[in-house]
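S.K.:
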Amino acid sequence: MKTRYLKAYNKLISYLLALLGVSIACSNGCAMYGTPAEYGTPNATFKVLGKVTTEQSIAIPNIKVVLDYDTAFTDNQGNYLVETINFPTNQTFSIQFKDIDSTLNGEFQQLDTVVEFTDPQFTGGTGNWNKGETEKEFNVKLKPLK
Numbered sequence: 095m096k097t098r099y100l101k102a103y104n105k106l107i108s109y110l111l112a113l114l115g116v117s118i119a120c121s122n123g124c125a126m127y128g129t130p131a132e133y134g135t136p137n138a139t140f141k142v143l144g145k146v147t148t149e150q151s152i153a154i155p156n157i158k159v160v161l162d163y164d165t166a167f168t169d170n171q172g173n174y175l176v177e178t179i180n181f182p183t184n185q186t187f188s189i190q191f192k193d194i195d196s197t198l199n200g201e202f203q204q205l206d207t208v209v210e211f212t213d214p215q216f217t218g219g220t221g222n223w224n225k226g227e228t229e230k231e232f233n234v235k236l237k238p239l240k
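Below, the structure is given as structure tokens:
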């Protein structure tokens with residue numbers, strides 16, 4: 095009787111530990127960030143640069159631009175540059191433009207959009223895992239808040 099109890103108890107503990115191990119492994123990137131990069135994975139730097147203006151083509155300074163984990167602010171001419179590192183293939187990234195300075199330069203609507211890299215050409219790679227970098231110009235016109 096005691097042996098049967100211990101075998102059942104051991105199976106239950108093994109099942110719970112296996113379940114816990116799988117849930118811990120996935121909490122480190124499965125759902126939120128996609129498949130995490132492993133050591134030795136080919137990579138490239140994707141740069142997005144451009145200018146943020148009003149609908150009348152007037153540059154807007156101090157707009158917060160967010161691409162993945164990189165955040166930048168537009169300069170006085172409305173220019174920005176953000177970059178991320180990812181697998182060197184066609185990629186689509188979410189990019190966000192947000193007016194954070196309140197009424198200082200006027201108030202503008204937030205823009206959440208995507209930037210696509212289709213058939214990117216990489217330059218400056220090491221020839222090994224690092225395939226280099228590519229860039230895309232992405233100009234944006236923000237609408238004023240009404």
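End of the sequence shown = 240 in our numbering, gap-free, step of one.
We put the beta carbon where it would ideally sit given N, CA and C, even for glycine.
In terms of residue numbering, what span does the beta strand (DSSP E) encompassing Thr207 cover?
M.R.: Leu205 to Phe211
S.K.: Short of 8 angstroms in beta carbon distance, which residues of its chain neighbour Thr139, apart from the five on each side in sequence? Order them along the chain.
M.R.: Glu177, Thr178, Ile179, Gly226, Glu227 and Thr228
S.K.: Which residue or residues does DSSP assign as beta-bridge partners of Glu227?
M.R.: Thr139 and Thr217
S.K.: Rounded to a whole number of angstroms, what is the C-alpha to C-alpha distance between Asn104 and Leu110?
M.R.: 10 angstroms
S.K.: To the nearest angstrom, how far is the alpha carbon of Asn156 from that of Gly218?
M.R.: 31 angstroms
S.K.: Given a threshold of 16 other Cβ atoms within 10 Å of its Cβ, counted over all protein chains shown, does Pro238 qualify as buried or as exposed?
M.R.: exposed
S.K.: Determine the direct distance from the alpha carbon of Gln150 to that of Asp67, and round the result to whole angstroms.
M.R.: The structure shown does not extend to residue 67, since the chain is modelled only from 95 through 240, so no value can be given for it.
S.K.: Out of Pro182, Lys192, Asn173 and Val234, state which residue places its alpha-carbon closest to the alpha-carbon of Gly134.
M.R.: Pro182
S.K.: What residues are listed by DSSP as bridge partners for Gln190?
M.R.: Under DSSP, Gln190 takes part in a beta bridge, and its partners are Val160 and Asp206.
S.K.: Tell me the DSSP secondary structure of Lys145 in three-state form.
M.R.: strand
S.K.: Please name the residue, chosen from Gln185, Asn199, Val234 and Phe191, that lies closest to Asp213 on a Cα-to-Cα basis.
M.R.: Minimum Cα distance to Asp213 is reached at Gln185.
S.K.: Start and end of the beta strand (DSSP E) containing Thr168?
M.R.: Neither: Thr168 is in no beta strand (DSSP E) and is coded neither H nor E.
S.K.: Pull up the distance between the alpha-carbon of Pro136 and that of Val209, whole angstroms please.
M.R.: Spanning the two alpha carbons is a distance of roughly 21 angstroms.
S.K.: My assumption, with CB atoms under 8 angstroms, is that Phe202 sits in contact with Ile154. Please give the rounded CB distance.
M.R.: With a beta-carbon spacing of about 7 angstroms, Phe202 and Ile154 fall inside the 8 angstroms limit used to define contacts.
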